[in-house]
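Scroll down for the structure; my scribbles are underneath it.
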Amino acid sequence: MRRPRSRRVSDAVRPFGERLGAAMSRRGPLCVGIDPHPSLLASWGLADDADGLRRFSATVLEAVAGVAAAVKPQVALYERHGSAGMAALEELLADAHDAGVLTIADAKRGDIGSTMAAYADAWLRDGSPLAADAVTLSPYLGFESLRPALDLAAQTGRGVFVLALTSNPEGASVQHVGQGEEGGAVARRITEAAASENARRAGSPRGTGGDGSPDDLGSVGLVVGATVGDAVARLGLDLAAMGGPVLAPGLGAQGATAAVLRETFGAAYAQVLGTSSRDILSGGPGAGGVRARAERTLAELSA
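Numbers 1 to 303, taken from UniProt numbering, label the letters of the sequence shown in order.
Here it is, written out as structure tokens:
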């Protein structure tokens, strides 16, 4: 087994939001989810084991390294294989770093106190074998419970994406609570907390450039499902003023299109990192088929 390499972000490297904005401007606003579902591994002719994960991950990275602004491995699908699966994830994160591709670990971590600090240490610390460029976080123990991750990400030049408005039907029972009341819905409060964090880190409001490019993005982003429809407007989420990137999963297999993203996110579209997994990955098992689907999706997002 190849020993994963420890990674760090140099003090000279720009903050994550700026690096992501540059990657989106250079390559386009596409994030490819690396989701090694058992059924997908089988369709690629790969075993549902750690070796299958490695082969799958390496092929996807090879296919999209010159196309996607970022890749987003789904941590749970590596974790289900125990330590061998996590070693495969560590190798993917290291290989992506070497290839100059930003990584977003889709771990959805959230806890309090020393436990949250330990999660932050795993995913955001310089030298950690699991260190990604950014990690997804759950704020539903209170946004401030994420403080250890917010602070460590700022120190190491990394980023976070905080769950705000997801497209699963059950999400509304929590995220929409408070709609029409003073202070607004939970999702709106999370959005405003992210905006405050970005403004505080920058010393001034963040946002997109006047030409619509993802310029000067903050490093605290949000996860907003690509298929949430009018909920962004209905709940009063000012994503443009939030100033950070918006990770929007749901392109392709879940039904969202580039046109849907433009309608859903409006003035904040330049901040949106459209995310597709199954639709692009079904182009395998060859890297060429995956790349062709990624290029097609990117062209639609960039049109």
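Every residue, glycine too, gets a C-beta built ideally from N, C-alpha and C. As the structure is a computational prediction, the values presented were derived from the model and not from experiment.
> Is there a Cβ from chain D that is less than 7 Å from the Cβ of Ala118?
Replying inline: Among the chains of the structure shown, chain D does not appear; only one protein chain is present.
> When you compare only the Cα positions, how much space is there between Thr156 and Ala96?
Replying inline: As a first step, residue 156 must be located in the sequence shown, where it is residue number 156. As a first step, residue 96 must be located in the sequence shown, where it is residue number 96. Rounded to whole angstroms, Thr156 to Ala96 spans 18 Å at the Cα level.
> Tell me the DSSP bridge mates of Gln74?
Replying inline: Looking up residue 74 in the sequence shown gives position 74. As DSSP reads the structure, Gln74 sits in a beta bridge with Asp106.
> Is Thr257 helix, strand or coil when you go by DSSP?
Replying inline: The residue you call residue 257 lines up with position 257 of the sequence shown. Coil, per DSSP.
> Thinking just about the alpha-carbon of each residue, which of Ala185, Ala69, Glu197, Phe56 is nearest to the one in Gly284?
Replying inline: Within the sequence shown, numbered from 1, the residue matching residue 284 stands at position 284. Scanning Ala185, Ala69, Glu197, Phe56 for the CA closest to the CA of Gly284 turns up Phe56.
> Using the C-alpha atoms, what's the distance from Ile280 back to Arg293?
Replying inline: Along the sequence shown, one-based indexing puts residue 293 at 293. Along the sequence shown, one-based indexing puts residue 280 at 280. Distance between the alpha carbons of Arg293 and Ile280: 5 Å.
> Since Val32 sits in a beta bridge, which residues does DSSP pair it with?
Replying inline: Locating residue 32 in the sequence shown gives position 32, where the first residue counts as 1. Val71, Ser276.
> Should Ala42 go down as buried or exposed, given a rule of 16 or more other Cβ atoms within 10 Å for buried?
Replying inline: Within the sequence shown, the letter at position 42 stands for residue 42. By the Cβ neighbour-count rule, Ala42 is exposed, with fewer than 16 other Cβ atoms within 10 Å of its own.
> Cα separation between Gly251 and Asp151?
Replying inline: Here residue 251 is taken as the residue at index 251 of the sequence shown, counted from 1. Here residue 151 is taken as the residue at index 151 of the sequence shown, counted from 1. The identity of residue 251 in the sequence shown is Leu, whereas the question assumes Gly. Whole-angstrom Cα-Cα distance: 31 Å.
> Are there three or more Cβ pairs, one per stretch, closer than 8 Å when the region 108-119 is compared with the region 78-85?
Replying inline: Look at the beta carbons and you see the region 108-119 not touching the region 78-85: under three pairs across the two are nearer than 8 Å.
> So what does Leu40 bridge to, in DSSP terms?
Replying inline: Within the sequence shown, numbered from 1, the residue matching residue 40 stands at position 40. According to DSSP, which records beta bridges pairwise, Leu40 is partnered with nothing at all.
> Closest by CA to Gly286, which one among Glu62, Arg200, Thr264, Arg189?
Replying inline: Against the sequence shown, residue 286 aligns to sequence position 286. Closest by alpha carbon: Glu62.
> Nearest-angstrom Cα distance between Gly288 and Gly127?
Replying inline: Translated into positions along the sequence shown, residue 288 becomes position 288. Translated into positions along the sequence shown, residue 127 becomes position 127. When rounded, the distance between both Cα atoms is 33 Å.
>> With DSSP as the reference, identify every bridge partner of Gly221, one or two as the case may be.
In response: Start at 1 with the first residue of the sequence shown, and residue 221 comes out as number 221. In DSSP, Gly221 forms a bridge with Phe161.
>> Here's the rule I'm using: 16 or more other beta-carbon atoms within 10 Å means buried, otherwise exposed. How should Gly159 be labelled?
In response: Residue 159 sits at position 159 when you count from the first residue of the sequence shown. Classification of Gly159: buried, given that the 10 Å Cβ count is 16 or more.
>> Please state the DSSP three-state secondary structure of Leu137.
In response: In the sequence shown, residue 137 corresponds to position 137, counting from 1. In the structure shown, Leu137 falls within a strand segment according to DSSP collapsed to helix, strand and coil.
>> Determine whether the beta carbon atoms of Ala50 and Gly17 lie at a separation below 7 Å.
In response: Translated into positions along the sequence shown, residue 50 becomes position 50. Translated into positions along the sequence shown, residue 17 becomes position 17. No. Outside cutoff.
> By the 10 Å Cβ neighbour count, where 16 or more other Cβ atoms means buried, how is Glu170 classified, buried or exposed?
Replying inline: The count along the sequence shown starts at 1 and reaches residue 170 at position 170. Exposed is the label assigned to Glu170, since fewer than 16 other Cβ atoms lie within 10 Å of its Cβ.
> Could you give the residue range of the alpha helix (DSSP H) that holds Val232?
Replying inline: Numbered from 1 along the sequence shown, position 232 holds the residue referred to as residue 232. Per DSSP, the continuous alpha helix (DSSP H) segment holding Val232 begins and ends at 231-234.
> Between Ala36 and the rest of its own chain, which residues show a CB-CB distance below 6 Å, the 5 nearest in sequence each way excluded?
Replying inline: Within the sequence shown, numbered from 1, the residue matching residue 36 stands at position 36. The residue asked about is misnamed: residue 36 is Pro in this sequence, not Ala. Cβ neighbours of Pro36 within its own chain (closer than 6 Å, five residues either side excluded): Leu53, Phe56, Leu77.
> Out of curiosity, what's the CA-to-CA distance linking Leu301 and Gly225?
Replying inline: Taking the sequence shown and counting its residues from 1, the one referred to as residue 301 is at position 301. Taking the sequence shown and counting its residues from 1, the one referred to as residue 225 is at position 225. Approximately 16 Å, taken between the alpha carbons.
> Which of helix, strand or coil does DSSP assign to Arg293?
Replying inline: Counted from its first residue, the sequence shown places residue 293 at position 293. In the three-state reduction of the DSSP assignment, Arg293 falls in the helix class.
> Taking C-beta to C-beta, are Gln179 and Leu235 nearer than 7 Å?
Replying inline: Numbered from 1 along the sequence shown, position 179 holds the residue referred to as residue 179. Numbered from 1 along the sequence shown, position 235 holds the residue referred to as residue 235. Against a cut-off of 7 Å, the Cβ pair of Leu235 and Gln179 comes out as a contact.
> Near Thr166, which residues of its chain fall below 6 Å by C-beta distance, leaving aside the five closest residues on each side in sequence?
Replying inline: On the sequence shown, residue 166 is found 166 positions in, with the first residue counted as 1. Excluding positions up to five away in sequence, the list reads Gly225.
> Would you report the Cα separation of Gln254 and Asn168, rounded to the nearest angstrom?
Replying inline: As a working mapping, residue 254 is identified with position 254 in the sequence shown. As a working mapping, residue 168 is identified with position 168 in the sequence shown. Roughly 11 Å separates the two Cα atoms.
> Tell me, which residues are paired with Pro249 by DSSP?
Replying inline: Mapped onto the sequence shown, residue 249 falls at position 249. According to DSSP, Pro249 bridges with Thr275.
> What are the start and end residues of the alpha helix (DSSP H) that includes His97?
Replying inline: Stepping through the sequence shown from its first residue, residue 97 is reached at position 97. His97 -> alpha helix (DSSP H) spans 82-99.
> For Gln155, does the three-state DSSP call read helix, strand or coil?
Replying inline: Mapped onto the sequence shown, residue 155 falls at position 155. Collapsing the DSSP output to three states places Gln155 in a helix.
> Pick from Ala303, Thr275, Arg291, Ser282: whose alpha carbon is nearest that of Ala70?
Replying inline: For the purposes of this step, residue 70 is taken as the residue at position 70 of the sequence shown. Measuring C-alpha to C-alpha distances from Ala70 to each of Ala303, Thr275, Arg291, Ser282 identifies Thr275 as the nearest.
> Ordered along the chain, which non-local residues of its own chain (more than five positions away) have a Cβ less than 7 Å from that of Ala117?
Replying inline: Start at 1 with the first residue of the sequence shown, and residue 117 comes out as number 117. Cβ neighbours of Ala117 beyond the five flanking positions: Pro148.
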